[in-house]
Amino acid sequence: MLKFIYLYLAICLLASNGVAQASSAQFLQQHQFNSSEAKSLWLNKTQQAAIHEILSHPYAGVRIRYWQNTQKAGFVLNEIGKELPITYGIVVDSQGIKAFEVLAFRESRGDEIKNLGFRKQFFGGKLTNDGELNQNIDGISGATYSVRSMTKIAKLALYLHQQISQP
Amino acid sequence: MKKTLGLVSLLASSVALAAPSNDELQQQIDQLRAQLEATADAVENTAAGSAVSIGGYGELHYNNEQGGDNAIDLHRFVLFIGKELNSTTRFFSEFEVEHSLAGDGKPGEVEIEQAFIEKDINDSLSAKAGLFLIPVGILNETHEPDTFYGVERNNVEKNIVPSTWWEGGAALTIKGETLSYDVALHSGLNIDVVGGKSTPRKGRQKVAKAEANDLAVTARVNYKPAAGISLGATFQYQEDVTQGVASIEGQLIEAHAVVEQGDLSLRALYAQWSFDDKLATFKDGAEKQSGFYLEPAYKVTKDLGVFARYSSYDNLAGNSADTEVNETAFGANYWLAETVVLKLDYNQKDDTASDTTTDTLNLGVGYSF
């Protein structure tokens, strides 16, 4: 019996293929942003209130950093899943969400949100008039909180893109 | 005249000295902007920082047994404490008070359900050591009340698996794009067969000065081929579930599926323990214990969901006597906020051994943060 278990363990180790996490600088470069040229959106009261609504809690900061390349904006944002913050990289343009990656995952469970099969549900997503995502996101069993965190960041980035695109 | 001109030029130059040029103004603005950004950085670092994170959940239940007693119970009050120790090392813990009041002769318990260190070895491999939840079933690891239907946790995972189940040991997790694996070596069950106990639930030692003569090995595979589809299977082996008293080998097989497609979802689970036939000499039929449930659910609106569940389990499945328990439940969850839920369900429990049927109306409120 124990032999079977050691064999299983060996198979597991062999099967361990990487789901690479990029650093935020790498992510920004990949999407044609100059990572050293960050802009800041200083949040006014209306924006603070709107973000509070999206996140279900106040934003723990006074401004949000972003990177811009013509119509396209990139963000590196944090949101707690269950206990510890998850770091996301997200790119939005006028067509909606272009790219969405998990740059750092610190929770003990729920890391399936890193998988492309899940993330691609967000691509092309936009905000409806009542501030919801226009696309249905099928969840992941055992990753409820991570999925929720990622959905909030999608909505936040779309909202921020609206704000910085206003003339 | 010359004097006047000289005075004028003197005044003009002093004016020029007092009024900074546009370049100088721009420089000052840039300096101020840098200082402002630095201040914002400092504020945000303090806000996010490396602080200890605190979370938790809890649930209050009201059980109205038809023709029997009613009960109200603060079933669980739980606090999570966690901390990121460095970029690859983290601490997690779960501290729980069950049934509100613990102590000698009191109904409740104070429990540490999790307390472990997790270390990422690379992007797809992590290890943990300490006291952790066994990787088995649907509810064992994820059991915050806002994540499942029904006031009480289902009886199949409770009585067969047995959830909530934690042990002390070490584990490896390997994560791939659609497949992930867990292997854990940990403390095992200790079923007091001589004292008349025969179920895995009664064998949980809760890592409290536990007998560790015979360890257990657990292996799990999770397969998530597409968003909304999750299949999992766990195998556990323990050489002696009596820790040297009666030499009884135990094997657990569990498999489940969770499917969420749009507003519809389905949970299905099967679990079976096989013990050495020697267990039958202590309790006839206990050498096999198994159960399953099916739970379809439908999200009526974003905040309201309804479900039905059929469960069947038998802690004495090894003999031909009628000993199974069948349950039919239906009810609703109403989410007041995304992590706050009101629950209502009606449960009919049919105990074939005693040929009795019990109907219970359950109400609950649960939260997590």
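So the sequence lines, in the order shown, correspond to chains A and B.
Heads up: the first sequence at position 12 corresponds to 12 in the working numbering, and the numbers run straight through without jumps.
Heads up: the second sequence at position 344 corresponds to 1344 in the working numbering, and the numbers run straight through without jumps.
Glycine is no exception: its CB is placed at the ideal position from the N, C-alpha and C atoms.
Interface flag, residue i vs chain A, CB-CB below 7 Å
i: residue 1110 of chain B; result: no
i: residue 1161 of chain B; result: no
i: residue 1096 of chain B; result: no
i: residue 1080 of chain B; result: yes
i: residue 1175 of chain B; result: yes
i: residue 1092 of chain B; result: yes
i: residue 1230 of chain B; result: yes
i: residue 1364 of chain B; result: no
i: residue 1258 of chain B; result: yes
i: residue 1147 of chain B; result: yes
i: residue 1053 of chain B; result: yes
i: residue 1224 of chain B; result: yes
i: residue 1188 of chain B; result: no
i: residue 1089 of chain B; result: no
i: residue 1130 of chain B; result: no
Distance, residue j Cα to residue i Cα
i: residue 12 of chain A; j: residue 49 of chain A; result: Reliability of the predicted coordinates at residue 12 of chain A is poor, the pLDDT of 46 falling under 50, and the value obtained from them is presented with this limitation in mind. The alpha-carbon atoms of residue 12 of chain A and residue 49 of chain A are separated by roughly 47 Å.
i: residue 122 of chain A; j: residue 1233 of chain B; result: 29 Å
i: residue 1337 of chain B; j: residue 1196 of chain B; result: 46 Å
i: residue 44 of chain A; j: residue 64 of chain A; result: 11 Å
i: residue 1184 of chain B; j: residue 1306 of chain B; result: 36 Å
i: residue 1039 of chain B; j: residue 31 of chain A; result: 29 Å
i: residue 1340 of chain B; j: residue 1092 of chain B; result: 23 Å
i: residue 1179 of chain B; j: residue 145 of chain A; result: 20 Å
i: residue 161 of chain A; j: residue 73 of chain A; result: 7 Å
i: residue 173 of chain A; j: residue 99 of chain A; result: Shown here, chain A extends from 1 to 167; a query on residue 173 of chain A therefore has no answer.
i: residue 1075 of chain B; j: residue 1107 of chain B; result: 10 Å
i: residue 20 of chain A; j: residue 1235 of chain B; result: Here the model assigns residue 20 of chain A a pLDDT of 45, short of 50, so the residue's position is not dependable, and the following value carries that caveat. So the alpha carbons of these two residues sit roughly 29 Å apart.
i: residue 1241 of chain B; j: residue 1205 of chain B; result: 11 Å
i: residue 1252 of chain B; j: residue 1349 of chain B; result: 25 Å
i: residue 1289 of chain B; j: residue 1203 of chain B; result: 14 Å
i: residue 1175 of chain B; j: residue 1124 of chain B; result: 5 Å
i: residue 1182 of chain B; j: residue 159 of chain A; result: 39 Å
i: residue 1317 of chain B; j: residue 1217 of chain B; result: 24 Å
i: residue 1116 of chain B; j: residue 1031 of chain B; result: 47 Å
i: residue 90 of chain A; j: residue 78 of chain A; result: 11 Å
Short CB-CB distance (under 7 Å) between residue i and chain B
i: residue 37 of chain A; result: no
i: residue 47 of chain A; result: no
i: residue 106 of chain A; result: yes
i: residue 26 of chain A; result: no
i: residue 101 of chain A; result: no
i: residue 151 of chain A; result: no
i: residue 76 of chain A; result: no
i: residue 118 of chain A; result: yes
i: residue 130 of chain A; result: no
i: residue 136 of chain A; result: yes
i: residue 65 of chain A; result: no
i: residue 165 of chain A; result: no
i: residue 115 of chain A; result: yes
Buried versus exposed, by CB contacts within 10 Å (16 or more), residue i
i: residue 42 of chain A; result: exposed
i: residue 1442 of chain B; result: Absent from the model: residue 1442 of chain B. The displayed extent of chain B is 1001 to 1369, so no value can be given.
i: residue 1325 of chain B; result: buried
i: residue 157 of chain A; result: buried
i: residue 129 of chain A; result: exposed
i: residue 1068 of chain B; result: exposed
i: residue 1054 of chain B; result: exposed
i: residue 1189 of chain B; result: buried
i: residue 120 of chain A; result: exposed
i: residue 1085 of chain B; result: exposed
i: residue 1302 of chain B; result: exposed
i: residue 114 of chain A; result: buried
i: residue 85 of chain A; result: buried
i: residue 131 of chain A; result: exposed
i: residue 1136 of chain B; result: buried
i: residue 1161 of chain B; result: buried
i: residue 24 of chain A; result: buried
Beta bridge counterpart(s) of residue i as assigned by DSSP
i: residue 1266 of chain B; result: B:1259, B:1296
i: residue 1150 of chain B; result: Beta-bridge pairing links residue 1150 of chain B to no other residue.
i: residue 1334 of chain B; result: B:1304, B:1342
i: residue 1349 of chain B; result: B:1327, B:1358
i: residue 1368 of chain B; result: B:1057
i: residue 1272 of chain B; result: B:1253, B:1290
i: residue 76 of chain A; result: A:89
Mind pulling the alpha helix (DSSP H) runs of 4 or more residues that sit fully within the stretch 1016-1054 of chain B?
-> 1022-1048
What are the uninterrupted segments assigned as beta strand (DSSP E) that are 3 or more residues long and contained completely in the stretch 1283-1316 of chain B, given in chain order?
-> 1288-1299, 1304-1314
Could you pull out every unbroken beta strand (DSSP E) segment of at least 3 residues lying fully inside the stretch 1201-1246 of chain B, listed in chain order?
-> 1215-1226, 1229-1238
Output the residue ranges of the alpha helix (DSSP H) runs that lie fully inside the stretch 126-166 of chain A and measure 4 residues or longer, sorted by chain position.
-> 144-165
Considering only residues of the stretch 1108-1143 of chain B, which uninterrupted beta strand (DSSP E) runs meet the minimum length of 3 residues and lie entirely inside it, listed in chain order?
-> 1109-1122, 1125-1133
Starting from the N-terminal side, write out each stretch of the alpha helix (DSSP H) that is 4 residues or longer and does not extend beyond the stretch 1149-1191 of chain B.
-> 1155-1159
With a floor of 4 residues, list each alpha helix (DSSP H) that falls wholly inside the stretch 93-122 of chain A, ordered by position along the chain.
-> 116-119
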